[in-house]
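First up is the structure itself, then whatever we jot down about it.
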Amino acid sequence: MDIHLAEEIRKQVEEAFRKRGRVNIVIAGRSGVGKSTLVNAVFHGRIADTGQGRPVTKETREYTKDGIPVSILDTRGLELGAFQETLKLLEELVAARAKDADATRHLHCAWLCISEDSRRVEDGDVKAAEMLARHMPVVVVVTKARSDQGLRAEVQKLLPMARNVMRVRALQETDDEGHTLQPKGLVELVELTMELVPEAQRNAFAAAQRVSIGQKRKRAHGIVASAAAAAGLIGAVPIPFADAALLVPTQVGMLAGVSSVFGLPLTEAFLSTLVGAGITGLGATFTGQSIVSGLLKLVPGPGTALGALISATTATALTTLFGEAYVAVLSKLMEKRRGELPTEEEVIQAFREEMSLRGAA
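Remember, the working numbering sits 782 above the position in the sequence shown when you count from 1.
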(Lines of atoms letter the chains of each structure in order from A and count residues from 1; the text may use other names and numbers.)
(Lines give C-alpha, C1' and ligand atoms only; values in the text may rest on other atoms or scores of the structure.)
Protein backbone atom coordinates (compact mmCIF):
# COMPACT_ATOMS: atom_id res chain seq x y z
CA MET A 1 0.00 0.00 0.00
CA ASP A 2 1.44 3.40 -0.94
CA ILE A 3 2.01 6.07 1.71
CA HIS A 4 -0.64 8.40 0.28
CA LEU A 5 -3.31 5.71 0.54
CA ALA A 6 -2.30 4.94 4.14
CA GLU A 7 -2.67 8.61 5.04
CA GLU A 8 -6.04 8.76 3.28
CA ILE A 9 -7.29 5.80 5.29
CA ARG A 10 -6.20 7.44 8.55
CA LYS A 11 -8.03 10.65 7.61
CA GLN A 12 -11.20 8.83 6.61
CA VAL A 13 -11.36 6.84 9.86
CA GLU A 14 -11.20 10.09 11.83
CA GLU A 15 -13.78 11.71 9.57
CA ALA A 16 -16.19 8.77 9.89
CA PHE A 17 -16.14 9.02 13.68
CA ARG A 18 -16.56 12.80 13.55
CA LYS A 19 -19.56 12.58 11.23
CA ARG A 20 -21.20 9.79 13.22
CA GLY A 21 -21.05 11.69 16.52
CA ARG A 22 -22.94 10.48 19.60
CA VAL A 23 -26.51 10.22 20.75
CA ASN A 24 -27.56 10.67 24.37
CA ILE A 25 -30.70 9.05 25.77
CA VAL A 26 -32.30 9.68 29.18
CA ILE A 27 -34.03 6.64 30.66
CA ALA A 28 -36.23 7.29 33.67
CA GLY A 29 -38.53 5.24 35.84
CA ARG A 30 -38.91 3.61 39.20
CA SER A 31 -36.68 0.80 40.41
CA GLY A 32 -37.57 -2.61 39.04
CA VAL A 33 -39.32 -1.46 35.85
CA GLY A 34 -36.67 -3.13 33.67
CA LYS A 35 -34.59 -0.19 32.47
CA SER A 36 -31.28 -2.08 32.39
CA THR A 37 -32.90 -5.02 30.62
CA LEU A 38 -34.37 -2.67 28.02
CA VAL A 39 -31.05 -0.90 27.41
CA ASN A 40 -29.17 -4.18 27.00
CA ALA A 41 -31.83 -5.51 24.62
CA VAL A 42 -31.73 -2.43 22.37
CA PHE A 43 -28.04 -1.50 22.25
CA HIS A 44 -24.81 -3.26 21.35
CA GLY A 45 -22.31 -3.97 24.09
CA ARG A 46 -24.63 -4.61 27.07
CA ILE A 47 -24.03 -1.05 28.19
CA ALA A 48 -26.02 -1.37 31.41
CA ASP A 49 -23.69 -4.16 32.58
CA THR A 50 -20.60 -1.91 32.60
CA GLY A 51 -20.11 -1.42 36.32
CA GLN A 52 -22.10 1.25 38.09
CA GLY A 53 -21.78 3.96 35.49
CA ARG A 54 -20.43 7.44 36.13
CA PRO A 55 -22.42 9.47 38.69
CA VAL A 56 -23.61 12.80 37.27
CA THR A 57 -26.10 13.64 40.04
CA LYS A 58 -27.02 11.92 43.29
CA GLU A 59 -29.57 9.70 41.56
CA THR A 60 -28.46 9.77 37.91
CA ARG A 61 -25.66 7.77 36.35
CA GLU A 62 -24.26 7.93 32.84
CA TYR A 63 -23.45 4.66 31.10
CA THR A 64 -21.08 4.50 28.15
CA LYS A 65 -18.92 1.86 26.50
CA ASP A 66 -15.92 2.25 24.22
CA GLY A 67 -16.86 1.93 20.56
CA ILE A 68 -20.63 2.33 21.13
CA PRO A 69 -21.74 5.88 20.14
CA VAL A 70 -24.46 6.25 22.77
CA SER A 71 -24.63 7.52 26.34
CA ILE A 72 -27.46 6.38 28.60
CA LEU A 73 -28.39 8.63 31.52
CA ASP A 74 -30.22 6.39 33.96
CA THR A 75 -32.33 8.31 36.45
CA ARG A 76 -32.99 6.21 39.48
CA GLY A 77 -34.97 7.07 42.56
CA LEU A 78 -38.26 8.12 41.00
CA GLU A 79 -39.80 6.78 44.19
CA LEU A 80 -41.93 8.78 46.60
CA GLY A 81 -39.22 9.40 49.22
CA ALA A 82 -36.67 11.58 47.45
CA PHE A 83 -38.69 12.24 44.32
CA GLN A 84 -38.75 16.05 44.41
CA GLU A 85 -35.00 16.28 44.98
CA THR A 86 -34.32 13.74 42.23
CA LEU A 87 -36.52 15.59 39.74
CA LYS A 88 -34.97 18.96 40.61
CA LEU A 89 -31.42 17.63 40.14
CA LEU A 90 -32.41 15.95 36.89
CA GLU A 91 -33.88 19.15 35.44
CA GLU A 92 -30.76 21.09 36.42
CA LEU A 93 -28.66 18.47 34.64
CA VAL A 94 -30.83 18.54 31.52
CA ALA A 95 -30.75 22.34 31.36
CA ALA A 96 -26.98 22.44 31.86
CA ARG A 97 -26.41 19.87 29.11
CA ALA A 98 -28.59 21.88 26.72
CA LYS A 99 -26.33 24.92 27.24
CA ASP A 100 -23.07 22.96 26.92
CA ALA A 101 -20.79 24.27 24.18
CA ASP A 102 -19.94 20.65 23.34
CA ALA A 103 -22.90 19.49 21.22
CA THR A 104 -22.02 15.83 21.85
CA ARG A 105 -23.20 16.31 25.45
CA HIS A 106 -26.71 17.51 24.58
CA LEU A 107 -29.58 15.17 25.49
CA HIS A 108 -31.67 14.05 22.54
CA CYS A 109 -34.59 11.87 23.70
CA ALA A 110 -36.07 10.39 26.88
CA TRP A 111 -37.62 7.00 27.53
CA LEU A 112 -39.91 7.06 30.57
CA CYS A 113 -40.48 3.47 31.69
CA ILE A 114 -43.64 2.25 33.40
CA SER A 115 -44.06 -1.44 34.21
CA GLU A 116 -47.23 -3.01 32.85
CA ASP A 117 -47.38 -5.09 36.02
CA SER A 118 -48.06 -1.93 38.06
CA ARG A 119 -51.32 -1.23 36.20
CA ARG A 120 -51.12 2.45 37.10
CA VAL A 121 -49.53 5.79 36.32
CA GLU A 122 -48.06 7.44 39.41
CA ASP A 123 -48.10 11.18 40.01
CA GLY A 124 -44.30 11.04 39.81
CA ASP A 125 -44.51 9.62 36.30
CA VAL A 126 -46.65 12.57 35.22
CA LYS A 127 -44.32 15.15 36.74
CA ALA A 128 -41.23 13.47 35.27
CA ALA A 129 -42.82 13.36 31.81
CA GLU A 130 -43.86 17.02 32.03
CA MET A 131 -40.34 18.09 33.03
CA LEU A 132 -38.55 16.01 30.40
CA ALA A 133 -40.94 17.10 27.64
CA ARG A 134 -39.94 20.72 28.23
CA HIS A 135 -36.44 19.83 27.04
CA MET A 136 -36.63 16.88 24.64
CA PRO A 137 -39.00 14.38 22.98
CA VAL A 138 -40.39 11.84 25.45
CA VAL A 139 -41.46 8.29 24.68
CA VAL A 140 -43.30 6.33 27.36
CA VAL A 141 -42.17 2.71 27.33
CA VAL A 142 -44.58 0.28 28.97
CA THR A 143 -42.18 -2.48 29.99
CA LYS A 144 -42.80 -6.19 30.69
CA ALA A 145 -45.74 -6.10 28.29
CA ARG A 146 -47.92 -9.20 28.61
CA SER A 147 -51.53 -8.06 28.87
CA ASP A 148 -52.52 -4.46 28.18
CA GLN A 149 -55.96 -4.40 29.81
CA GLY A 150 -56.38 -0.75 28.87
CA LEU A 151 -53.16 0.52 30.45
CA ARG A 152 -51.73 1.98 27.23
CA ALA A 153 -54.87 4.06 26.66
CA GLU A 154 -54.71 5.24 30.27
CA VAL A 155 -51.06 6.26 29.85
CA GLN A 156 -51.91 8.15 26.66
CA LYS A 157 -54.68 10.01 28.48
CA LEU A 158 -52.59 10.94 31.52
CA LEU A 159 -49.35 11.68 29.65
CA PRO A 160 -50.44 13.59 26.52
CA MET A 161 -47.04 15.29 26.32
CA ALA A 162 -45.44 11.97 25.30
CA ARG A 163 -44.78 11.53 21.58
CA ASN A 164 -46.07 7.96 21.80
CA VAL A 165 -46.60 5.07 24.19
CA MET A 166 -44.82 1.84 23.24
CA ARG A 167 -45.55 -1.56 24.79
CA VAL A 168 -42.28 -3.50 24.95
CA ARG A 169 -41.19 -6.94 26.10
CA ALA A 170 -37.39 -6.94 26.12
CA LEU A 171 -36.85 -10.66 26.73
CA GLN A 172 -38.45 -13.93 25.72
CA GLU A 173 -40.75 -15.18 28.47
CA THR A 174 -43.03 -18.10 29.26
CA ASP A 175 -46.54 -17.42 30.56
CA ASP A 176 -48.45 -19.37 33.20
CA GLU A 177 -49.87 -21.72 30.55
CA GLY A 178 -46.42 -22.57 29.23
CA HIS A 179 -46.72 -20.47 26.07
CA THR A 180 -43.58 -18.76 24.80
CA LEU A 181 -43.84 -14.98 24.55
CA GLN A 182 -41.32 -13.55 22.10
CA PRO A 183 -39.74 -10.11 22.58
CA LYS A 184 -41.98 -7.39 21.17
CA GLY A 185 -41.96 -3.69 20.44
CA LEU A 186 -38.18 -3.22 20.33
CA VAL A 187 -37.96 -2.52 16.60
CA GLU A 188 -40.90 -0.13 16.80
CA LEU A 189 -39.27 1.71 19.73
CA VAL A 190 -36.03 2.07 17.76
CA GLU A 191 -37.84 3.31 14.65
CA LEU A 192 -39.82 5.89 16.63
CA THR A 193 -36.71 7.10 18.46
CA MET A 194 -34.88 7.39 15.14
CA GLU A 195 -37.58 9.81 13.98
CA LEU A 196 -37.35 11.87 17.17
CA VAL A 197 -33.61 12.37 17.59
CA PRO A 198 -31.99 15.15 15.51
CA GLU A 199 -30.72 14.27 12.04
CA ALA A 200 -27.13 14.80 13.21
CA GLN A 201 -27.54 11.99 15.76
CA ARG A 202 -29.31 9.42 13.57
CA ASN A 203 -26.19 7.71 12.28
CA ALA A 204 -24.96 7.34 15.86
CA PHE A 205 -28.29 5.90 16.99
CA ALA A 206 -28.39 3.51 14.03
CA ALA A 207 -24.88 2.33 14.87
CA ALA A 208 -25.52 1.91 18.60
CA GLN A 209 -28.79 -0.03 18.38
CA ARG A 210 -28.84 -3.73 17.54
CA VAL A 211 -32.49 -4.61 16.91
CA SER A 212 -33.15 -2.96 13.53
CA ILE A 213 -30.74 -3.91 10.76
CA GLY A 214 -33.09 -2.03 8.44
CA GLN A 215 -32.26 1.28 10.14
CA LYS A 216 -28.53 0.62 9.75
CA ARG A 217 -29.06 -0.29 6.11
CA LYS A 218 -31.18 2.82 5.46
CA ARG A 219 -28.51 5.15 6.84
CA ALA A 220 -25.81 3.25 4.94
CA HIS A 221 -27.71 3.67 1.66
CA GLY A 222 -27.63 7.41 2.29
CA ILE A 223 -23.86 7.34 2.75
CA VAL A 224 -23.42 5.42 -0.51
CA ALA A 225 -25.69 7.84 -2.38
CA SER A 226 -23.72 10.84 -1.09
CA ALA A 227 -20.42 9.22 -2.08
CA ALA A 228 -21.76 8.40 -5.55
CA ALA A 229 -22.86 12.01 -6.01
CA ALA A 230 -19.41 13.22 -4.93
CA ALA A 231 -17.74 10.83 -7.37
CA GLY A 232 -19.99 12.12 -10.12
CA LEU A 233 -18.84 15.67 -9.43
CA ILE A 234 -15.21 14.57 -9.66
CA GLY A 235 -15.95 13.02 -13.05
CA ALA A 236 -18.14 15.89 -14.26
CA VAL A 237 -15.21 16.84 -16.45
CA PRO A 238 -14.08 13.38 -17.63
CA ILE A 239 -10.74 12.57 -16.03
CA PRO A 240 -7.94 10.57 -17.67
CA PHE A 241 -7.44 7.13 -16.21
CA ALA A 242 -3.98 8.26 -15.12
CA ASP A 243 -5.76 10.57 -12.64
CA ALA A 244 -8.20 7.90 -11.46
CA ALA A 245 -6.75 7.95 -7.95
CA LEU A 246 -8.66 11.21 -7.44
CA LEU A 247 -11.70 9.01 -6.79
CA VAL A 248 -10.05 6.92 -4.08
CA PRO A 249 -10.75 9.21 -1.08
CA THR A 250 -14.44 9.01 -1.94
CA GLN A 251 -14.39 5.20 -2.03
CA VAL A 252 -12.41 4.88 1.19
CA GLY A 253 -14.55 7.45 2.99
CA MET A 254 -17.68 5.60 1.89
CA LEU A 255 -16.45 2.29 3.32
CA ALA A 256 -15.50 4.03 6.56
CA GLY A 257 -18.90 5.70 6.81
CA VAL A 258 -20.85 2.50 6.13
CA SER A 259 -18.71 0.60 8.64
CA SER A 260 -19.33 3.23 11.31
CA VAL A 261 -23.11 3.35 10.82
CA PHE A 262 -23.34 -0.43 11.12
CA GLY A 263 -21.50 -0.09 14.43
CA LEU A 264 -18.30 -1.90 13.48
CA PRO A 265 -15.20 -1.12 15.57
CA LEU A 266 -13.47 0.97 12.92
CA THR A 267 -9.66 1.14 12.93
CA GLU A 268 -7.06 2.08 10.35
CA ALA A 269 -5.87 -1.53 10.20
CA PHE A 270 -9.38 -2.85 9.59
CA LEU A 271 -10.23 -0.27 6.92
CA SER A 272 -6.91 -0.84 5.17
CA THR A 273 -7.48 -4.60 5.11
CA LEU A 274 -11.10 -4.10 4.02
CA VAL A 275 -10.16 -1.92 1.05
CA GLY A 276 -7.47 -4.41 0.12
CA ALA A 277 -9.90 -7.33 0.37
CA GLY A 278 -12.41 -5.67 -1.92
CA ILE A 279 -9.82 -4.79 -4.51
CA THR A 280 -7.94 -8.10 -4.46
CA GLY A 281 -11.32 -9.78 -4.82
CA LEU A 282 -11.44 -8.03 -8.20
CA GLY A 283 -7.93 -9.18 -9.07
CA ALA A 284 -6.34 -5.74 -8.63
CA THR A 285 -3.35 -4.63 -6.59
CA PHE A 286 -3.50 -2.26 -3.65
CA THR A 287 -2.50 1.17 -4.97
CA GLY A 288 -4.53 4.28 -5.64
CA GLN A 289 -4.81 3.88 -9.42
CA SER A 290 -5.29 0.12 -9.38
CA ILE A 291 -8.16 0.43 -6.92
CA VAL A 292 -10.13 2.29 -9.57
CA SER A 293 -8.98 -0.08 -12.33
CA GLY A 294 -10.36 -2.93 -10.26
CA LEU A 295 -13.62 -1.15 -9.59
CA LEU A 296 -14.05 -0.41 -13.29
CA LYS A 297 -14.54 -4.14 -13.80
CA LEU A 298 -17.90 -3.69 -12.11
CA VAL A 299 -19.10 -1.25 -14.76
CA PRO A 300 -20.15 -2.77 -18.10
CA GLY A 301 -19.30 -1.25 -21.46
CA PRO A 302 -17.00 1.79 -21.52
CA GLY A 303 -15.98 1.24 -17.91
CA THR A 304 -13.85 -1.72 -18.90
CA ALA A 305 -11.67 0.30 -21.27
CA LEU A 306 -8.85 1.23 -18.92
CA GLY A 307 -7.36 3.74 -21.31
CA ALA A 308 -10.61 5.65 -21.63
CA LEU A 309 -11.70 8.77 -19.83
CA ILE A 310 -13.68 8.21 -16.66
CA SER A 311 -16.98 10.07 -16.97
CA ALA A 312 -19.37 11.22 -14.27
CA THR A 313 -21.68 8.33 -15.13
CA THR A 314 -18.92 5.77 -14.75
CA ALA A 315 -17.60 7.32 -11.53
CA THR A 316 -21.09 7.34 -10.02
CA ALA A 317 -21.82 3.78 -11.12
CA LEU A 318 -18.64 2.21 -9.80
CA THR A 319 -19.00 4.02 -6.46
CA THR A 320 -22.60 2.86 -6.09
CA LEU A 321 -21.78 -0.73 -6.98
CA PHE A 322 -18.81 -0.82 -4.59
CA GLY A 323 -20.78 0.70 -1.73
CA GLU A 324 -23.93 -1.35 -2.16
CA ALA A 325 -21.87 -4.54 -2.30
CA TYR A 326 -20.48 -3.68 1.13
CA VAL A 327 -23.91 -2.77 2.53
CA ALA A 328 -25.26 -6.12 1.29
CA VAL A 329 -22.39 -8.01 2.94
CA LEU A 330 -22.88 -6.35 6.33
CA SER A 331 -26.66 -6.78 6.18
CA LYS A 332 -26.35 -10.50 5.46
CA LEU A 333 -23.79 -11.04 8.20
CA MET A 334 -25.84 -9.21 10.83
CA GLU A 335 -29.05 -10.97 9.84
CA LYS A 336 -27.26 -14.28 10.14
CA ARG A 337 -25.97 -13.30 13.59
CA ARG A 338 -29.37 -11.88 14.66
CA GLY A 339 -28.10 -8.36 15.20
CA GLU A 340 -24.75 -9.21 16.74
CA LEU A 341 -21.72 -7.53 15.19
CA PRO A 342 -19.64 -9.79 12.92
CA THR A 343 -15.91 -10.15 13.51
CA GLU A 344 -13.44 -8.23 11.38
CA GLU A 345 -12.30 -11.52 9.83
CA GLU A 346 -15.87 -12.43 8.83
CA VAL A 347 -16.44 -9.03 7.23
CA ILE A 348 -13.18 -9.06 5.28
CA GLN A 349 -13.66 -12.60 3.98
CA ALA A 350 -17.29 -12.01 2.98
CA PHE A 351 -16.45 -8.73 1.25
CA ARG A 352 -13.62 -10.32 -0.72
CA GLU A 353 -15.95 -13.11 -1.86
CA GLU A 354 -18.74 -10.66 -2.77
CA MET A 355 -16.42 -8.49 -4.85
CA SER A 356 -14.97 -11.54 -6.57
CA LEU A 357 -18.48 -12.68 -7.54
CA ARG A 358 -19.48 -9.24 -8.79
CA GLY A 359 -16.26 -8.80 -10.73
CA ALA A 360 -16.80 -12.12 -12.49
CA ALA A 361 -20.42 -11.37 -13.33
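Glycine included, every Cβ here is placed at the ideal spot set by N, Cα and C. Everything numeric in this text was worked out from a predicted model, so none of it was measured.
| Item | Value |
| --- | --- |
| Closer than 8 Å by C-beta to S929: which residues in its own chain qualify, once you throw out the five before and the five after it? Chain order, please. | E898 |
| Would you give the residue range spanned by the beta strand (DSSP E) that P851 belongs to? | 850 to 857 |
| Which value, in whole angstroms, describes the spacing of the CA atoms of L1056 and V1129? | 8 Å |
| Please list, in chain order, all residues of the same chain as V1109 whose beta carbon is under 7 Å from its beta carbon, the five residues on each side excluded. | R999, A1002, H1003, V1006, V1040 |
| Do you know how far the Cα of F1104 is from the Cα of A915? | 43 Å |
| By DSSP's criteria, S897 is part of a beta bridge. Which residues make up the other side? | T925 |
| With distance defined between alpha-carbon atoms, name the residue in L963, R902, L1112, Q954 nearest to K939. | R902 |
| Could you give the DSSP three-state label for A1002: helix, strand or coil? | helix |
| Go through its chain and collect everything with a Cβ distance to E789's Cβ below 8 Å, but skip five positions before and after it. | none |
| Going along the chain, which residues of its own chain have a beta-carbon closer than 7 Å to the beta-carbon of R821, five neighbours each way excluded? | The sequence given here places Val at residue 821; Arg does not occur at that position. The answer, listed in chain order, is I809, I829, A830, I854. |
| Do A1097 and L1029 have their beta-carbon atoms positioned less than 7 Å apart in this structure? | yes |
| Is P919 closer than 7 Å to L974 when the C-beta atoms are compared? | no |
| Give the straight-line distance between the Cα atoms of G967 and F825, rounded to the nearest whole angstrom. | 14 Å |
| Can you give the beta carbon distance from E1050 to R792, rounded, assuming they're within the 8 Å contact cut? | 5 Å |
| Spatial neighbours of G811 within its chain, please: CB distance less than 7 Å, with the 5 preceding and 5 following residues excluded, ordered by chain position. | K817, L860, L894, C895, I896 |
| Identify the continuous beta strand (DSSP E) that holds V808 and give its terminal residues. | 805 to 810 |
| Have a look at E1117, L941, E970, S813 and flag the residue whose alpha-carbon is nearest the alpha-carbon of A910. | L941 |
| Any idea if D1025 is buried or exposed, counting beta-carbon neighbours within 10 angstroms, 16 or more meaning buried? | Because D1025 carries a pLDDT of 49, less than 50, the predicted location of this residue cannot be relied on, and no value is offered for it. |
| Determine which residues share a DSSP beta bridge with F1044 and list them. | Looking at the DSSP assignment, F1044 forms no beta bridge with any residue, so it has no partner. |
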